[in-house]
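All the letters of the sequence shown, read from the start, carry residue numbers 1 to 476 under UniProt numbering.
To keep things clear, I will list the structure first and then write my remarks on it.
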Amino acid sequence: MGNLALGRKLWADTTCGQNTTELYCFYSENTDLTCRQPKCDKCNAAQPHLAHLPAAMADSSFRFPRTWWQSAEDVHREKIQLDLEAEFYFTHLIMVFKSPRPAAMVLDRSQDFGKTWKPYKYFATNCSATFGLEDDVIKKGAICTSRYSNPFPCTGGEVIFRALSPPYDVENPYSAKVQEQLKITNLRVQLLKRQSCPCQRNDLNMKPQHFTHYAIYDFIVKGSCFCNGHADHCVPVDGFRPVKAPGAFHVVHGKCMCKHNTAGTHCQHCAPLYNGDCPCKPGVAGPQCDRCMVGYWGFGDYGCRPCDCAGSCDPLTGDCISSTDIDWYHEIPDFHSMHNKSEPTWEWEDEQGFSALRHSGKCECKEQVLGNSKAFCGMKYSYVLKIKILSAHDKGSHAEVNVKIKKVLKSTKLKILRGKRTLYPESWTNRGCTCPILNPVGGTLIQYHLQATYKTCWWCQSCSHTQLYPAQKLKK
């Protein structure tokens, strides 16, 4: 996970001082929106100390916060484009303007290396007048917005786009619907209409043409390699050489180092001799067709039978399960009160991992006061952990969170040891935002279901055989 623009070339139609030295001016304002005196300077693309090239948008915004790209003077339309060498998952874009933000612009993406383009979002001071579209300020989910088109601030204004904001609130981050929204090979921003800083109207001594340009400090394209949840890091695609740039230490590469017996640049198919999920008999589930589906019981040669209950039933006996059959504590118990020495100890494994919480953007989550632990019963969680977060590590396709488990509350016979463990968080997409924000101070509650959200490839010598009998997990 990182800035996809790092280590890659950004393209722009024009650059300030591309053919000769140019004079330009700009305004900034005080916190009370009163204008400061304009400042003027020269630009020349051939002289490093006067150059404002497209690459300046993709350098480190922390080490080089005051470098920027600037267009030629007196341009009305401009285009900025990022071309990728493989398919990537794009999550959000942050643009920080040095000039006033455009009165109109369009964000486009391509999924076929620039052959065809689709709009992500339209931006305008007036969506209906400019594009004939509704404004998402008025109609939630509209493809146009006026949120980021105000000329104030005259410098430092931001444009933010999240590729998976609501209504794209889904459980599976690798579904066809989500791939259609997140997967890109190219990203393009079309700047269609300039607007001047309101300060300029009160200053009649400055020549207007010295302000007629676009200028951008940062062009941050957050995303990750696309691995279908089957890799924890990626390497360079064959033939790809990163562009050397100041502060570009972490380049997000596009070739997945596949796990879970998968193969391909994006872990999109099973490795040789691993034939994937087998077709199961009625009521049977699992990659190896080795258990009954929820709501079924009696695993056998002809599959499983439906439960004769309004809810679920015991998968072996068919006895109906009521929520009153589950013992819940009024407060999260200490681990030792739930320990049973007769049962084998369960350790955290990679196979228990979930799709990643990947992004560092701000997520607004409502805090809840839980007066009684029975609330978790209604939420149908398998277990709840009270943890202290020690650290979090972004692995590209997923995150690993190192924690100290302090207390355990559960509704199953699964035993979980206290102490230091590594967790693989649940899908971030069901939050409809681009975070996590993990607070290392104090305690945190983590709720889990037992069923993982990705498929694992198994070695099936005969899938028709596993329709009748539970297959065994084999090793190479």
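Backbone N, C-alpha and C define an ideal beta-carbon position, used for all residues, glycine too.
task = Quick one: residues in its chain with C-beta nearer than 6 Å to the C-beta of D108, no 5 flanking neighbours on either side, listed in chain order?
result = Start at 1 with the first residue of the sequence shown, and residue 108 comes out as number 108. W117, P119, R188.
message = Just to check my reading of the structure: V294 and G7 have Cβ atoms closer than 8 Å, yes? What is that Cβ distance to the nearest angstrom?
response = As a working mapping, residue 294 is identified with position 294 in the sequence shown. As a working mapping, residue 7 is identified with position 7 in the sequence shown. In fact, because the Cβ distance is near 46 Å, the residues do not count as touching under 8 Å.
query = In its own chain, which residues sit with a C-beta less than 6 Å from the C-beta of K79, not counting the 5 before and 5 after it?
reply = Here residue 79 refers to the residue found at position 79 of the sequence shown. Only D13, Q190 meet the Cβ criterion.
task = Please work out which residues of its chain come closer than 8 Å, Cβ to Cβ, to Y148, disregarding the five sequence neighbours upstream and downstream, and give them in chain order.
result = Locating residue 148 in the sequence shown gives position 148, counting from the first residue. Counting only Cβ-Cβ distances below 8 Å, and skipping sequence neighbours, we find R101, F123, G157, E158, V159, I160.
ask   = Looking only at its own chain, which residues have a Cβ that is under 6 Å from the Cβ of G223, when we skip the five neighbours before and after it?
value = Numbered from its first residue, the sequence shown carries residue 223 at position 223. Excluding positions up to five away in sequence, the list reads L4, F88, Y89, F90, T91.
query = Looking only at its own chain, which residues have a Cβ that is under 7 Å from the Cβ of K39, when we skip the five neighbours before and after it?
reply = Position 39 of the sequence shown, counted from the first residue, corresponds to residue 39. Result list for K39: C25, F26, in chain order.
request  = Between the Cα of D112 and those of F97, N186, Y174, spot the shortest distance and give me the residue it belongs to.
outcome  = Position 112 of the sequence shown holds residue 112. Among F97, N186, Y174, the Cα nearest to that of D112 belongs to N186.
task = Quick one: using the 10 Å Cβ neighbour count with 16 as the cut-off for buried, is D308 buried or exposed?
result = The residue given as residue 308 occupies position 308 in the sequence shown. It counts as exposed.
Inter-residue Cα distance where the pair is V237 and S312 = Working through the sequence shown from its first residue, we reach residue 237 at position 237. Working through the sequence shown from its first residue, we reach residue 312 at position 312. Whole-angstrom Cα-Cα distance: 47 Å.
message = Let me confirm a value: S175 is counted as buried when at least 16 other C-beta atoms fall within 10 Å, else exposed. Which label applies?
response = Translated into positions along the sequence shown, residue 175 becomes position 175. Exposed.
ask   = DSSP beta-bridge partners for C258?
value = Within the sequence shown, residue 258 is the residue found at index 258, counting from 1. For C258, which the question treats as bridged, DSSP gives the partners A231.
Coil, strand or helix - M57 by DSSP = To locate residue 57, count along the sequence shown from 1; it is residue 57. Helix at M57.
request  = For K42, count neighbouring Cβ atoms within 10 angstroms of its own Cβ and tell me buried if that reaches 16, exposed if not.
outcome  = For this step, residue 42 is matched to residue 42 along the sequence shown. It counts as exposed.
query = Using DSSP with H/G/I as helix, E/B as strand and the rest coil, what is Q70?
reply = Counted from its first residue, the sequence shown places residue 70 at position 70. Three-state DSSP puts Q70 in a strand.
ask   = Along the chain, where does the alpha helix (DSSP H) that runs through C42 open and close?
value = Residue mapping note: residue 42 aligns to position 42 of the sequence shown, counting from 1. One point to set straight first is that residue 42 is Lys, not Cys, in the sequence displayed. Premise fails: K42 lies in the beta strand (DSSP E), 39-43, not in any alpha helix (DSSP H).
Per-residue burial, G283 [other beta carbons within 10 Å of its own, 16 or more giving buried] = Looking up residue 283 in the sequence shown gives position 283. So G283 counts as buried.
message = Please list the terminal residues of the continuous beta strand (DSSP E) segment that includes V96.
response = Residue 96 sits at position 96 when you count from the first residue of the sequence shown. Run containing V96: 78-97, per the beta strand (DSSP E) assignment.
message = Taking the straight line between their C-alpha atoms, what separation do you get for Y383 and T422?
response = For the purposes of this step, residue 383 is taken as the residue at position 383 of the sequence shown. For the purposes of this step, residue 422 is taken as the residue at position 422 of the sequence shown. Answer to the nearest angstrom: the Cα atoms are 16 Å apart.
inquiry  = Could you give the first and the last residue of the continuous beta strand (DSSP E) run that contains S224?
reply    = For the purposes of this step, residue 224 is taken as residue 224 along the sequence shown, with counting starting at 1. Element bounds for S224: 215-225.
Backbone secondary structure at T145 - three-state DSSP = For the purposes of this step, residue 145 is taken as residue 145 along the sequence shown, with counting starting at 1. Of the three classes helix, strand and coil, the one that applies to T145 here is strand, per DSSP.
key: Beta-carbon separation (whole angstroms), P198 vs P153, contact threshold 8 Å   = Taking the sequence shown and counting its residues from 1, one reaches residue 198 at position 198. Taking the sequence shown and counting its residues from 1, one reaches residue 153 at position 153. Between P153 and P198 the Cβ distance is about 11 Å, and since that is not below 8 Å, they are no contact.
task = Please report the Cβ distance between S28 and Y214, rounded to the nearest whole angstrom; I am assuming they are in contact, meaning their Cβ atoms lie under 8 Å.
result = By 1-based counting over the sequence shown, the position of residue 28 is 28. By 1-based counting over the sequence shown, the position of residue 214 is 214. Going by Cβ atoms, the distance from S28 to Y214 rounds to 16 Å, so no, they are not a contact pair.
ask   = alpha helix (DSSP H) containing K193: first to last residue?
value = Translated into the one-based positions of the sequence shown, residue 193 becomes position 193. No alpha helix (DSSP H) holds K193; the beta strand (DSSP E) holding it covers 183-193.
request  = Determine the DSSP secondary structure at C127, reduced to helix, strand or coil.
outcome  = Reading the sequence shown from its first residue, position 127 is the one you call residue 127. DSSP places C127 in helix when its eight states are reduced to three.
message = So the candidates are K407, D301, C292; which of them puts its Cα closest to the Cα of G318?
response = Within the sequence shown, residue 318 is the residue found at index 318, counting from 1. For G318, the nearest C-alpha among the options comes from C292.
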